[in-house]
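Worksheet: one structure, shown below.
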């Protein structure tokens, strides 16, 4: 009996899946065709390209790939809000850069402070508390803060077509992971719900922690930067397998995609989201300070990587457009 | 239709589960009773102790908890075999400790070389190659090497009752993780299959790696020791949630279990496997060099932690006993 029910179950689910467009927010075009033909090919047990379920590892960048990243990475907007909230306890920030610039809304000077300045801001806002305290701060911010120009909460700025892609891959036995330059502990509290991924499938840059008094305490030290060549390294530490599919949007994702492409065992898929929609989202690539796509764009064109033209390939950008 | 089939499916699976003893290799006793009553309680939606599925995180030590660890950790036996295999390329090892002791089967001197000596052996055998080359070496060893006294392959020395416990927890919506002092890259190639866990749910000590020439290359550097206070830290980095159930066998697991016990949100379960079976396995605790259980044993007795008396609680130790 058990076997019969399981068989009927699988059959009805398959019929259900076959009758529905798995990517309804994608216009018909090369990108959608490439995704579907790849998934069909590698999940077909009769195909020479079949991949066993345990090796169907798909990795996704977050900023600019799963949600927007303008005017700057949303985590930097979180940092700015936190600096302002903490400022009353730090009168010295009024005269110390880069804190002074943050308090004066002088984003140009903030960005000009470079990696060193940004790290100072991150340390002042991300360390010196328990992990559970930090989770609560992030959750409170994500629940209340609004995007400066879009005027909606940040979690509303995830890409509807990418949510469909994540669900489609999972329905076909893929394990989906986020591999982001952003902070692992910044993403985990809300990204699980936003993207349908357990916390251990979300990988990012790390603040070092120590165990003290039955708690995890966040230290004043960056442990790992999950960007560029750090992405394959983060994949090794966390996943322990070479992916078969990689999705990014910038040169920061290049090594992760190249590492995936060099999988000798299986057929692979690489996809760049190209920001071409000035009206509905933002248009940027080669010269952008945030999300620069230059080297990767040239490489993609000569290496059969899929390029998503956001303007033409996506019917809608954000989930809230569906409700209109 | 789809919903009906899914409902029937779930129903038949539940009936199937209810009719079978989920832990057939466990004798009736306090340990078995504690496990089953905990699982029933936290998975019952009407219970005040109900835990939502996404928070059912169970962590397991490996050496001495999921498989044997005598005469020494199996990974050390792998190291010794590797030193011997590599010796022809290193004539200097004949006169250099601790390599000399390994080549002369002088285990006393090997162990006396302490942490520094052991690290030298680990570095000489675990670094300077790609991750995929190392995987292949481990898989070849695990397939062919035999335990010095038990005369079976190491993967046959997993504990049958613990395999049943892992399966029982997973059938009840728990996510199971290994959190071991052993090497993450030593375990991952075979532990997935042995324990039914994907590679990203296996956590352990790490050799640092770098990305080079489209490959992950293992460096001459330990990045992380996943033991004692390192275990909760490793749980934070990899899982990102405080567990609700923890299973160990030594003082090296104490902090992981204490961290689990201090979960303020949910009811928790802590369990120590106590090695009491001199005949079928090994008997050791307070004074053992490997797998010392001293502080933890006293703490467990006063803190309502479950202690498994291997001799009396387990009907069989190893899966091969079932086939006899």
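Protein chains in written order, with my numbering: chain B, 7 to 330; chain E, 7 to 330.
Ideal Cβ placement from N, Cα and C applies to all residues, glycine included.
- Residue 195 of chain E and residue 145 of chain E have their alpha carbons spaced roughly 6 Å apart.
- Exposure of residue 268 of chain E is indicated by the presence of fewer than 16 other C-beta atoms within 10 angstroms of its C-beta.
- Under the three-state reduction of DSSP output, residue 142 of chain B falls in the helix class.
- Within chain E, no C-beta atom comes less than 8 Å from the C-beta of residue 272 of chain B; the nearest is roughly 13 Å away.
- The C-alpha of residue 169 of chain B is placed about 39 Å away from the C-alpha of residue 43 of chain E.
- Taking CB atoms only, residue 245 of chain B has a neighbour in chain E less than 8 Å away.
- Ranked by Cα distance from residue 38 of chain B, the options B/324, B/302, B/314, B/323 are led by B/314.
- Closer than 8 Å to the CB of residue 235 of chain B there is at least one CB belonging to chain E.
- Put simply, the CB of residue 222 of chain E is near chain B, with a gap under 8 Å to one of its CB atoms.
- Secondary structure at residue 69 of chain E: strand, using DSSP grouped into helix, strand and coil.
- With respect to chain B, the C-beta atom of residue 81 of chain E has no partner C-beta closer than 8 Å.
- In the displayed model, residue 199 of chain E falls within a helix according to three-state DSSP.
- One Cα belongs to residue 124 of chain B, the other to residue 101 of chain B, and the distance between them is close to 17 Å.
- Remark: C-beta atoms of residue 72 of chain B and residue 174 of chain B do not approach each other more closely than 8 Å.
- For the set B/99, B/92, B/82, the Cα lying nearest the Cα of residue 120 of chain B is the one of B/82.
- Interface flag for residue 227 of chain E against chain B is unset, since no Cβ pair is found closer than 8 Å.
- Going by DSSP, residue 180 of chain E is part of no alpha helix (DSSP H) at all; its letter is neither H nor E.
- From the beta-carbon of residue 238 of chain B, the residues of chain E found nearer than 8 Å are 217, 222.
- In terms of beta-carbon proximity, residue 305 of chain B stays away from the interface with chain E, with every pair separated by 8 Å or more.
- Residue contact check for residue 206 of chain E against chain B: a CB pair falls below 8 Å.
- Between the alpha carbons of residue 47 of chain B and residue 140 of chain B lies a gap of roughly 43 Å.
- If you look at residue 89 of chain B, you'll find it isn't in any beta strand (DSSP E); it sits in the alpha helix (DSSP H) that goes 80-92.
- At a C-beta separation below 8 Å, residue 62 of chain B has no neighbours in chain E, since its nearest C-beta there lies roughly 11 Å away.
- Within the segment 261-291 of chain B, 261, 264, 265, 267, 268, 270 place their CB atoms closer than 9 Å to a CB of chain E, listed in sequence order.
- Apart from sequence neighbours up to five positions away, the residues of its chain that approach residue 152 of chain B with a beta-carbon distance below 7 Å are 158, 159, ordered along the chain.
- Annotation: the continuous beta strand (DSSP E) that includes residue 312 of chain B extends over 312-315.
- At least one CB atom of chain E sits nearer than 8 Å to the CB of residue 137 of chain B.
- From the beta-carbon of residue 194 of chain B, the residues of chain E found nearer than 8 Å are 246.
- The beta carbon of residue 322 of chain B is closer than 7 Å to those of 31, 166, 328 in its chain, skipping five residues each way along the sequence.
- Here the alpha carbon of residue 282 of chain B sits roughly 4 Å from the alpha carbon of residue 289 of chain B.
- Contact check for residue 185 of chain E against residue 258 of chain E fails: the beta carbons are separated by 8 Å or more.
- Using a Cβ distance threshold of 8 Å, residue 136 of chain E and residue 223 of chain E count as a contacting pair.
- When the Cα atoms are used, residue 242 of chain B and residue 261 of chain B turn out to be separated by approximately 13 Å.
- Membership of residue 120 of chain B in the alpha helix (DSSP H) is indicated by the continuous run 120-132.
- Close partners of residue 212 of chain E in chain B (Cβ separation under 9 Å): 243.
- Here residue 163 of chain B has 73, 74, 153, 156, 324 as same chain residues with Cβ atoms under 7 Å from its own Cβ, once five neighbours each way along the sequence are excluded.
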